[in-house]
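Enquirer: In the working numbering, the protein residues as written are 279 to 709. Backbone N, C-alpha and C define an ideal beta-carbon position, used for all residues, glycine too.
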Ligand code: 4AD
Ligand code: MG
């Protein structure tokens, strides 16, 4: 008998099939017994009638515990009250792998216990739903850029030039060449690739040795970073609002069931469409002060400031042209106000805060060199990056969207550590 996936049961109504998976729950009245099975493609209820199955199968069923792996054979029938709309009238039960004393029971567990058992916790309904939304977001990212003629360029993870903040680097010894760093960003490399291919993006893991223990920070996270030749800062924001709206739309369209499982109120996601409101950093400071924040012009927006400001809008908001002092060396100086740079953050609504950081890049050789020196970075490590300003310099812009923050926002989960299978945090390297 050939094995069938639960998601395909609809095509086998009336047939006798084999389904393999893991036991989620069982219950029995003594004459009729039920099992809910998960196989990764969906959930299926199996029903056994004591008088219709062999004694041995009935007994094997009685021995099933949570997460036992089993092969069930039986007849598929439509059952509107069953998860997925189909159920199996079970005739045979084969135990593939027993599961004594499974540590995660349906009762409540504390978060640290669950993260200690992350390798098993991944099997729970909510975690499966989050994983599927994440997959949808990642696939949507690739589809979005592919459809718009972008070329994916894979950038190195081991780098010799600091991408963002000198203070937040993971370093490792690299043969005779001194220190190598784990990439904080692929941006500098996609800037080089943009001069070759026009519209490019990279998509991979990035690393920050940040001491932040907030619900928005991981030490390893995934980022997608498009870079476009001849886009200025305004073009850059237009691309971002189309992109973010597309991602939210795809999740709503393709992952309804998962969002329901997560009890996500989808009304706020349905409002996500371009154009997004825009506010300059300077106006944002005034607004925040009026809302009770004591932040001063010149400082970065803290997490609480972001939340406060974003609450004013019903869709993501762009805050643009931050002070030079709080932003990275590569951002282009604003010709209308050299105290600021041509950049933007995109703040997600509902308290999620920054999901994107983007900017027009400094394309002037001398100004870029001066910025590198001001930040006490080694110009020798950036010789190749400076070359891009020496040989056919060009206006260009790009941004980075953090996958875990975006997935957490779309799923409506409070902490980004649940938005990745195996989170890396200051105090977590296991499992
Ligand atoms: O604002 P960031 O640091 O920007 C860059 O890395 C630029 N090189 C991007 C570019 O212009 N190509 O990071 C971009 C995004 C943030 O908005 C956030 O979503 C995410 O990456 N991010 C983090 N996510 C989880 N944990 C952390 N520690 C993060 N740091 C940044
Ligand atoms: Mg940022």
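Anyone know if the C-beta pair for residue 408 and residue 681 falls short of 8 Å?
Expert: The beta carbons of residue 408 and residue 681 sit no closer together than 8 Å.
Enquirer: Have a look at residue 631 and residue 585 and give me their C-alpha separation to the nearest angstrom.
Expert: 6 Å
Enquirer: Are the beta-carbon atoms belonging to residue 478 and residue 675 less than 8 Å from one another?
Expert: No, the pair does not count as a contact, with Cβ atoms beyond the cut-off.
Enquirer: Per DSSP, which residues does residue 500 bridge with? Please list them.
Expert: 483
Enquirer: Cβ of residue 459 within 8 Å of Cβ of residue 433?
Expert: no
Enquirer: Closest to residue 470 by CA distance: which of 704, 660 and 695 is it?
Expert: 660
Enquirer: Give me the Cα-Cα distance between residue 656 and residue 568, rounded to the nearest whole angstrom.
Expert: 42 Å
Enquirer: For the beta strand (DSSP E) holding residue 622, just list the boundary residues, first then last.
Expert: 621-626
Enquirer: Out of 297, 473 and 315, which one is the CA nearest neighbour of residue 353?
Expert: Of 297, 473 and 315, the residue nearest in Cα terms is 297.
Enquirer: Is it the case that the segment 313-323 contacts the segment 283-301, given that we only count it when at least three CB pairs across the two stretches are under 8 Å?
Expert: Between the segment 283-301 and the segment 313-323 there are three or more inter-stretch CB-CB distances shorter than 8 Å, so the stretches are counted as touching.
Enquirer: Alpha helix (DSSP H) containing residue 699: first to last residue?
Expert: Taken as a continuous stretch (DSSP letters only), residue 699 belongs to no alpha helix (DSSP H), as it is neither H nor E.
Enquirer: Since residue 347 sits in a beta bridge, which residues does DSSP pair it with?
Expert: In the DSSP output, where bridge partners are listed per residue, residue 347 has 300 and 375.
Enquirer: Spatial neighbours of residue 533 within its chain, please: CB distance less than 7 Å, with the 5 preceding and 5 following residues excluded, ordered by chain position.
Expert: 410, 411 and 414
Enquirer: Grouping DSSP H, G and I as helix and E and B as strand, with all else coil, what is residue 293?
Expert: coil
Enquirer: Could you check the C-alpha separation between residue 665 and residue 510 for me, to the nearest Å?
Expert: 20 Å
Enquirer: Among the residues of its own chain, which have a CB less than 7 Å from the CB of residue 494, if the five just before and after it don't count?
Expert: 581, 631, 683 and 694
Enquirer: Quick one, are the C-beta atoms of residue 597 and residue 623 less than 8 Å apart?
Expert: yes
Enquirer: Can you tell me which residues fall inside 7 Å of the ligand MG, judged by beta-carbon distance to its nearest heavy atom, and keep chain order?
Expert: 623, 632 and 635
Enquirer: In three-state terms, what does DSSP make of residue 546?
Expert: Assignment of residue 546 by DSSP, reduced to helix, strand and coil, places it in the helix class.
Enquirer: Between residue 363 and the ligand 4AD, is there a pair consisting of the residue's CB and a ligand heavy atom that are separated by less than 7 Å?
Expert: Residue 363 Cβ: outside cutoff for every heavy atom of the ligand 4AD.
Enquirer: Where residue 382 and residue 347 are concerned, what is the direct C-alpha to C-alpha distance, given to the nearest angstrom?
Expert: 16 Å
Enquirer: Taking 7 Å as the cut-off, does the CB of residue 463 come closer than this to any heavy atom belonging to the ligand 4AD?
Expert: yes
Enquirer: Smallest Cα separation from residue 312: which of 340, 285 and 294?
Expert: 340
Enquirer: At the level of alpha carbons, what is the spacing between residue 641 and residue 650?
Expert: 13 Å
Enquirer: Would the C-beta of residue 611 count as close to the ligand 4AD, meaning under 7 Å from any of its heavy atoms?
Expert: no
Enquirer: Taking the alpha-carbon of residue 604 as reference, which of 350, 620 and 708 has the nearest alpha-carbon?
Expert: Of the listed residues, the one whose Cα sits closest to residue 604 is 620.
Enquirer: May I ask which residues mark the beginning and end of the beta strand (DSSP E) holding residue 581?
Expert: Residue 581 -> not in any beta strand (DSSP E); alpha helix (DSSP H) instead, spanning 581-588.
Enquirer: Expressed to the nearest angstrom, what Euclidean distance is found between the alpha-carbon atoms of residue 397 and residue 421?
Expert: Near 30 Å, if we compare the C-alpha coordinates of residue 421 and residue 397.
Enquirer: Per DSSP, what kind of secondary structure is residue 671 in: helix, strand or coil?
Expert: coil
Enquirer: Considering residue 636, what are the terminal residues of the beta strand (DSSP E) in which it resides?
Expert: 631-638
Enquirer: How long is the line joining the alpha carbons of residue 369 and residue 356, rounded to whole angstroms?
Expert: 17 Å
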